[in-house]
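Student: Residue 1 is where the sequence shown starts when you use full-length UniProt numbering, and the numbers rise one by one after that.
Supplied in structure tokens, the structure appears directly below.
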Amino acid sequence: MKRIFRTAGKIIILFAVTAFLWLIAHLIIQGFGLLWPFLLTPYVEQILTLWLVFGLLFLTMFVFSKSARERHHAIWDSLTATIKQMSSGNFTEAASRKMEKIERDHPVTKLADELTTLALELNEMEKMKQEFISNVSHEIQTPLTSLKGYAHLLKKPDLSYEERGRYLHIIETETERLSKISENLLKLTALERQKEPIQKKPFRIDKQLRRVVLTCEPEWSAKQIEFLIDLKESFVYGDEALLSQVWMNLIHNAVKFTGEGGRISINITDMPEAAAVEIADNGIGMEPEQAERVFERFYKADKARNAGGSGLGLSIAHKLVELHGGTIEVESKPGEGTRFRVILPAEPREKNI
């Protein structure tokens, strides 16, 4: 409909311009007729007026087309420069470059807008890539430094048996940490590319949570943590093995940041066509800005820097819940603890099958 109105408007403008030029041509020819009345018969006057209208119309179109052509050249030059900046990897300058626009619905204007959006997105991706590389380098460099240092100490001939055993234990721990980082990176990459096989079926989530709690017993019993469990019979629709990884990560996280003699609660709430699992602790908690970033890769709150881990566990949990068509939320206050809430579908959903 807009196109019809636009076309009709252009036709009306064309007729108006033609009528205006016809009036000017008619006045010009009449002026000549006043000067040389014996040369202009009515027939000659009409012919001259018609040719003058065509001439004025051609001149008007030539002036406008030349102006438009110059403007188009400027726009295409700007687009070309932006594309060159993007091809060289300079997304920041490409995103900040201001391109001339013609009109809002013009195809070139739309192309310029899309190109600017693409440059902005690529710039954000470049920043994320650089941050990711920096984080990976930091996480890998730390255990490598330990490995190098303790391997150097092992060269000392006067080391006691106990010292040698302690250094070897540290090297083994750091090696396992490197292996875990590599394993989690590969897993997260596979999940983001959706290459991880997902075999969904209905299963009892309350039973699964009990098994995971028992599996983690050595961790929480060593810290004398009290578990408060309210798990009514509840079914969800998903991949049982992958969701087990979600609960392992969340419970491990809760145990890690809960102090000696602390408390962790797990409960299930039935919802329409879904089940909500809440895992809460009374540990150290987080600041609001830390809670907002807790699902980012490698992100670790300052308080948790010395608690080990790679900062990938919650990213993996978030991605797994997302692949199941569910949601995961976090609430936390410093000194009061953290609560994770996971909502999963209880029935198949077409878009997730």
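Glycine residues also receive a C-beta, built at the ideal position from the N, C-alpha and C atoms.
Note that the structure is a prediction, hence the values are computed from the model and not measured.
Taking C-beta to C-beta, are Asp-230 and Thr-258 nearer than 7 Å?
Tutor: no
Student: Measuring straight from C-alpha to C-alpha, what distance separates Met-248 and Cys-216?
Tutor: 8 Å
Student: Which residue from Asp-206, Pro-202, Val-255 and Leu-209 puts its Cα closest to that of Lys-223?
Tutor: Val-255
Student: Using a Cβ-Cβ cut-off of 8 Å (strictly less than) and excluding sequence neighbours within five positions of Leu-159, which residues of its own chain qualify?
Tutor: Leu-153 and Tyr-167
Student: Tell me which residues share the same chain as Asp-302 and place their Cβ nearer than 7 Å to its Cβ, disregarding the 5 neighbours each side in the sequence.
Tutor: Low confidence applies here, because Asp-302 scores a pLDDT of 49, under 50, leaving its location unreliable; read the following figure in that light. Here the set comprises nothing.
Student: May I ask you to verify whether the region 258-276 touches the region 290-298, counting CB pairs closer than 8 Å and requiring at least 3?
Tutor: no
Student: CA-CA distance, Thr-18 and Lys-84?
Tutor: 43 Å
Student: Using a 10 Å radius around the Cβ and a threshold of 16 neighbouring Cβ atoms, would you call Gln-290 buried or exposed?
Tutor: Taking every protein chain shown into account, the CB of Gln-290 has 16 or more other CB atoms within 10 angstroms, so this residue is buried.
Student: With a 10 Å radius around its C-beta and 16 neighbouring C-beta atoms as the bar for buried, classify Glu-226 as buried or exposed.
Tutor: exposed
Student: Using DSSP with H/G/I as helix, E/B as strand and the rest coil, what is Lys-256?
Tutor: helix
Student: DSSP beta-bridge partners for Asn-267?
Tutor: Asp-230 and Glu-278
Student: Pair every Cβ in the region 179-188 with every Cβ in the region 324-334, then say whether three or more of these pairs are closer than 8 Å.
Tutor: no
Student: Can you tell me the Cβ-Cβ gap for Val-212 and Ser-244, rounded? I've got them flagged as a contact below 8 Å.
Tutor: That pair is a contact at about 6 Å.
Student: Tell me, which residues are paired with Thr-327 by DSSP?
Tutor: Ile-343
Student: For Lys-127, write down the residues that DSSP places opposite it in a beta bridge.
Tutor: Answer is none; Lys-127 lacks a bridge partner.
Student: Suppose the cutoff is 7 Å on Cβ atoms and the five residues either side in sequence are ignored; what does the same chain contact list for Ser-265 look like?
Tutor: Leu-228 and Ala-280
Student: To the nearest angstrom, how far is it from the Cα of Leu-115 to the Cα of Trp-76?
Tutor: 12 Å
Student: Does the ligand NAD have a heavy atom nearer than 6 Å to the CB of Trp-22?
Tutor: This structure lacks the ligand NAD; in fact it carries no ligand of any kind.
Student: Between Asp-239 and Gln-199, what straight-line distance do the alpha-carbon atoms span, to the nearest angstrom?
Tutor: 5 Å
Student: Where do the ends of the alpha helix (DSSP H) carrying Val-236 lie?
Tutor: Careful: Val-236 lies outside any alpha helix (DSSP H), inside the beta strand (DSSP E) at 235-238.
Student: Can you name the residues that DSSP bridges to Gly-337?
Tutor: Lys-333
Student: Give me the Cα-Cα distance between Glu-126 and Phe-15, rounded to the nearest whole angstrom.
Tutor: 53 Å
Student: With Glu-322 and Glu-273 assumed to form a contact (beta carbons below 8 Å), what rounded beta-carbon distance in angstroms separates them?
Tutor: At roughly 18 Å, the Cβ-Cβ gap does not stay under 8 Å, so Glu-322 and Glu-273 are not in contact.
Student: Between the alpha carbons of Thr-189 and Met-61, how many angstroms are there, rounded?
Tutor: 58 Å
Student: How long is the line joining the alpha carbons of Glu-336 and Val-277, rounded to whole angstroms?
Tutor: So the two alpha carbons sit approximately 20 Å from each other.
Student: Let me make sure I understand the geometry here. Which of Leu-23, Met-86, Thr-145 and Val-53 has the alpha-carbon closest to that of Thr-117?
Tutor: Met-86
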